[in-house]
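Each number in my numbering corresponds to the 1-based position in the sequence shown with 31 added. Structure first, then comments.
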Amino acid sequence: MHIFNKMQPGVNGFGCLAILVALAACSAPLAPLDDIVIEKTFVPEKCTRAVKVGDYVRYHYNGMFPDGKKFDSSYDRGSTYNVFVGKGQLIQGMDKALVGMCVNERRLVKIPPHLAYGKKGYGDIIPADAILHFDVLLLDVWNPEDGVQINTYHTPAICARKVEVSDYVRYHYNGTLLDGTLFDSSHTRMRTYNTYVGIGWLISGMDQGLLGMCLGERRIITMPPALGYGENGDGSDIPGQASLVFDVVLLDLHNPSDTITISNQQVPDPCPRKLVEGDFVRYHYNGSLIDGTFFDSSYSRNHTYDTYVGRGYVIAGMDEGLIGVCMGERRTITIPPHLAYGEEGTGSKIPGSAVLVFDVHIIDFHNPSDGAVVTVTSKPDTCDKLTKKGDFVKYHYNATLMDGSPLDSTHNYGKTYNIVLGVNEVVPGMEEGMLGMCVGERRHLVVPPHLGYGEDGVLGEVPGSAVLVFDIELMEMEDGLPEGYMFIWNEEVSGDLFTEMDKDKNEQVEPAEFTDYILRQVKEGRGRLVPGFDPQRIIDNMFNNQDRDGDGKITAAEFKLKADEAASHDEL
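What follows is the structure, given as structure tokens:
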């Protein structure tokens, strides 16, 4: 029975009666009431809105006679009573009693007969002239004129962009009814809610409530049922005609038309070269989501990220964002998901549809076609003699990476570094860079990794694929010998070398005789050994080349001059 709607018996007003009571149950005499009596048994600390005439309310109640006997209850039916206030849909006393109530407020209302069912009563449930008591708990209130209400309680200091129609957003939320009852939360699922805004993928109130939000902003979005789930609710946790409250934090925002953005550039001056497609780059980075959540860093691995650019080895946005950087430059590259890891993300670290932010520091880059870059920084006024392959040189150097990280320096050891040019005693870029120098000249060399230590580098010293920088000064040089020679004569060659070597005249030259003879020629200036090598090893090699049969002795038949050889040998 409908005990509150006098005009529509049989329609559920406060609901079908759960307990039927006889007329005699209320026959005891009571003191008369002139008006309703309201006892506020619970008042919430905050009351952001009070019921007014014309509002729609949802509430629970227990209906009792003054002796405590229950005649009706919404709790017994498991659903609230939903009705407009002040429009004659309730008995007069209840219409009056609900005005001014706050959500979650509880009232004990006593209604006299003339504001209830009067002398007629209500069938065999409510006797004539019955005073009625109602224990009322207000759960919801809204008005047909209501729109979306927004309460922003945290705004980030910087708001570079706000949500617009057709943007794609990722946000966390707690969804409650107006009385605080939780019905859903993205936090409990540990996954953001991801959606387009303003194209009908959301309930209307949320579509409206998200517009204008900044990244990192927190707001409470309250909407009436007409902008939520309407008269029927969602069939599960949201009842019909329920106001909804969403506590939202916006974590991510992009538009399908977005491209990468570059910001916070720190460009070195000068910048003699900018990275182009096809270059190989070494860089450090910190990677985070757009809300600042960290997901990866090359620094934590103590190793740069090394890759070709423009070849599809990295995500498309990074390929694009690295073009045009200078060595040593720092920049922030913000990449929308369609140029990053898309709707799927990478699993645990990068969620689907996430905007990524990379703070990048360029360490070095090169191109596989690069040669060594040689810059003369100082040259003596007189420079008549230039280095060439085979020359023995002594020089000082400082070696660093492109970012200035020190690698090595001869000054630390207090002595020069000594090599023979052209015999692979140093990296190819150093050999190339030292050709054509004169004593006292200083040069600045930039050596790409394929002319340095390659992809592997030197464990613990030079990282793989590193561009090297050498500042060198040539201190001394000694002319080398013609290619293929380990000894040359400075004057006419004796016509009887074999006899001169064979001191004991036994018609064979032993190793000691050979060694003594060559060293004497060098000492007396008649001949030269190739510089930069151990003299004894060179002489041993020369002897072995003459000792054709390998018996440890050279006979006259075996002995030949270099000029007499059909093939090239490192010998006399």
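A virtual CB, placed ideally from N, CA and C, is assigned to each residue, including glycine. Here the structure is a predicted model, which is why all the values come from computation and not from measurement.
Check, Outcome
"Suppose the cutoff is 6 Å on Cβ atoms and the five residues either side in sequence are ignored; what does the same chain contact list for Met468 look like?", "Thr418, Leu505"
"Rounded to whole angstroms, what is the Cα-Cα separation between Gly376 and Val500?", "39 Å"
"Ends of the alpha helix (DSSP H) at Ser409?", "Run containing Ser409: none in the alpha helix (DSSP H); it sits in the beta strand (DSSP E), 404–409."
"Which of the three DSSP states, helix, strand or coil, is assigned to Val140?", "strand"
"What does the Cβ neighbour count give for His397, buried or exposed, with the cut at 16 atoms within 10 Å?", "buried"
"On the CB-based measure, 16 or more other CB atoms within 10 Å of its CB, does Ala587 come out buried or exposed?", "exposed"
"If we ignore side chains and look at the alpha-carbon of each, how far apart do Asn443 and Ile366 end up?", "45 Å"
"Using CA coordinates, which residue listed in Glu589, Ile450, Asp510, Thr431 is at the minimum distance from His475?", "Thr431"
"Name, in chain order, the residues that DSSP records as bridge partners for Ile291.", "None, per the DSSP bridge assignment."
"Given a threshold of 16 other Cβ atoms within 10 Å of its Cβ, counted over all protein chains shown, does Trp173 qualify as buried or as exposed?", "buried"
"Going by alpha carbons, who is nearest to Phe102 out of Gly152, Gln120, Leu129?", "Gly152"
"Measure the beta-carbon distance from Ala147 to Arg138 and round it to whole angstroms, keeping in mind my assumption that it falls under 8 Å.", "Actually they do not touch by this definition, with Cβ atoms about 16 Å apart."
"Within this structure, are the beta carbons of Val280 and Tyr204 separated by less than 9 Å?", "yes"
"Answer with buried or exposed for Pro256, where buried requires no fewer than 16 other C-beta atoms within 10 angstroms of its C-beta.", "buried"
"Would you call the CB atoms of Ile291 and Gly341 closer than 9 Å?", "no"
"Per the contact definition of three or more C-beta pairs closer than 8 Å, is the segment 377–394 in contact with the segment 236–244?", "no"
"Buried or exposed, going by whether 16 or more other CB atoms sit within 10 Å of the CB of Gly526?", "exposed"
"Nearest to Asp578 by CA position, among Asp107, Gln552, Phe545, is which residue?", "Phe545"
"Can you tell me which of the three DSSP states Tyr426 falls into?", "strand"
"For Leu306, which residues from the same chain have a beta carbon less than 7 Å from its beta carbon, with the 5 sequence-adjacent residues on both sides left out?", "Val312, Val340, Leu353, Ile354, Gly355, Val356, Phe396"
"I want to see whether chain D comes within less than 9 Å of Asn429, judged by CB atoms only; does it?", "As a matter of chain content, chain D is missing from the structure shown, which is built from one protein chain."
"Are the beta-carbon atoms belonging to Asp434 and Met532 less than 9 Å from one another?", "no"
"Give me the Cα-Cα distance between Cys414 and Gly471, rounded to the nearest whole angstrom.", "9 Å"
"Which residue spans inside the segment 483–542 form an unbroken alpha helix (DSSP H) run of at least 4?", "528–532"
"Find the nearest neighbour of Cys302 within the set Lys554, Arg361, Asp547, judged by alpha-carbon distance.", "Arg361"
"Quick check on Ala371: buried or exposed, where buried means 16 or more other Cβ atoms within 10 Å of its Cβ?", "buried"
"Among Pro459, Leu275, Ser216, His427, which has the Cα closest to the Cα of Met508?", "His427"
"Please report the straight-line C-alpha distance between Leu275 and Tyr87, rounded to a whole angstrom.", "14 Å"
"Helix, strand or coil: which one does DSSP assign to Tyr148?", "coil"
"Let's test the definition: count the other Cβ atoms within 10 Å of the Cβ of Pro411 and tell me whether it reaches 16, buried, or not, exposed.", "exposed"
"Hey, quick one: how far does the beta strand (DSSP E) through Asp283 stretch, first residue to last?", "275–285"
"Looking only at its own chain, which residues have a Cβ that is under 7 Å from the Cβ of Leu64, when we skip the five neighbours before and after it?", "Lys141, Pro143, Ile162"
"Taking the C-alpha atoms as reference points, what is the distance between Thr79 and Cys133?", "8 Å"
"Between the Cα of Gly124 and those of Gly178, Thr72, Ser105, Asp66, spot the shortest distance and give me the residue it belongs to.", "Asp66"
"Please classify Thr406: is it buried, with 16 or more other beta-carbons within 10 angstroms of its beta-carbon, or exposed?", "exposed"
"By Cβ distance below 6 Å, which residues in the same chain neighbour Ala53 in space, the five residues on each side in sequence not counted?", "Its pLDDT being 30, under 50, Ala53 is placed unreliably by the model, and the measurement read from it follows with that caveat. Excluding sequence neighbours, Ala53 sits near nothing in its chain."
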